[in-house]
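What follows is one structure encoded as structure tokens, with my remarks underneath.
Chains as they are written, first to last, in my numbering: chain A, 114 to 277; chain B, 35 to 199.
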């Protein structure tokens, strides 16, 4: 069953307090068309409010149907246990860092907090991040937030953080 | 500056707790291509985690630098809300709240918003009939893609900040 696409608008008022609202729209349009909608809706909203719009975005849910993903979480899996990955990008000084929740301890080297880069599944993930994923008509190469292409793994280790 | 699009992966562990992380991707691909990427990356990630991948969402941030009159009024407050309830073709309710609603749009002696005020009327029309974009019209809907066709009420209300609007 298709789920509607969500457009979100973030606001800040004169006191610095923030809020947001969401408006759902149907699937079946292009990114360019949705961006047109968002900007037009922003302008309509602005004419009715005193706050400033600080951000407007659109979110699509990607269907996982048909994939052979786990259907039950592993016993003792914990979102506080994370795999920390830092990748260098094509621009010096810019890194892409993230922590993957419920990282499998079996992928950690013995007597260490270092992620095993020769584990076949970890290696496949790192290769996808470094070289991109082939899709119909091209290859999508992961980037950092500022569109610098990821180049190579800089660090990968196990870390523990709060449950979020 | 241009910002990358983000794929957000949400995980759930065996205690039912959830957490997320993002993978950023370049902007010059289609929704179908991002869907392919998101699903392929879910396969890679599923092999290195113990939790369940609950969802994958693609978020695209619009460039709003060209918006007109996007200023803060000195007395604006996001706790003062314009509450709209719309009805879909199947008569399902859709609630939309606009934080920091302009008090000038509230009818005197009432908490109703003036639906013939130019700005309010334009917003309601867009919600009921959609917004024309290149090659089509995008009409707001509920989560099941049932189109909004009518307005049930539009009134001022107050909500404490920090909560979902």
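Ideal Cβ placement from N, Cα and C applies to all residues, glycine included.
Exercise for review: Decide if residue 199(B) is buried, meaning its Cβ has at least 16 other Cβ atoms within 10 Å, or exposed.
Suggested key: Below a pLDDT of 50, predicted positions are generally treated as unreliable, and residue 199(B), at 46, falls in that range; the measurement from the model is reported next regardless. So residue 199(B) counts as buried.
Practice item. Please name the residue in 244(A), 190(A), 270(A) and 187(A) whose C-alpha comes closest to that of residue 229(A). Key: 270(A)
**Study point:** residue 150(B) (DSSP reduced to helix, strand or coil)
**Key:** coil
Check your understanding: Residues of chain A with a CB under 8 Å from the CB of residue 131(B): which are they?
Key -> Chain A residues near residue 131(B): 134.
**Study point:** Other residues of its chain near residue 207(A): CB distance less than 6 Å, five sequence neighbours each side excluded
**Key:** 257 and 261
Check your understanding: Would you call residue 263(A) buried or exposed, if buried means 16 or more other Cβ atoms sit within 10 Å of its Cβ?
Key -> buried
Check your understanding: What is the DSSP secondary structure of residue 182(A), reduced to helix, strand or coil?
Key -> coil
Check your understanding: What residues from chain B crowd round residue 207(A), counting only those whose CB sits closer than 9 Å?
Key -> Result: empty, since nearest Cβ-Cβ is about 11 Å, beyond 9 Å.
Exercise for review: For the alpha helix (DSSP H) containing residue 80(B), list its first residue and its last residue.
Suggested key: 65-80
Review point. For residue 168(B), which of helix, strand or coil comes out of DSSP?
Key: coil
Review point. At least one CB of chain A closer than 7 Å to the CB of residue 179(B): is that the case?
Key: With 7 Å as the cut-off, residue 179(B) counts as an interface residue toward chain A.
Check your understanding: Can you tell which of 157(B), 177(B), 96(B) and 191(B) has the C-alpha that lies nearest to the C-alpha of residue 166(A)?
Key -> 96(B)
Practice item. Measure from the C-beta of residue 174(A) to each C-beta in chain B and report whether the shortest distance is under 7 Å. Key: yes
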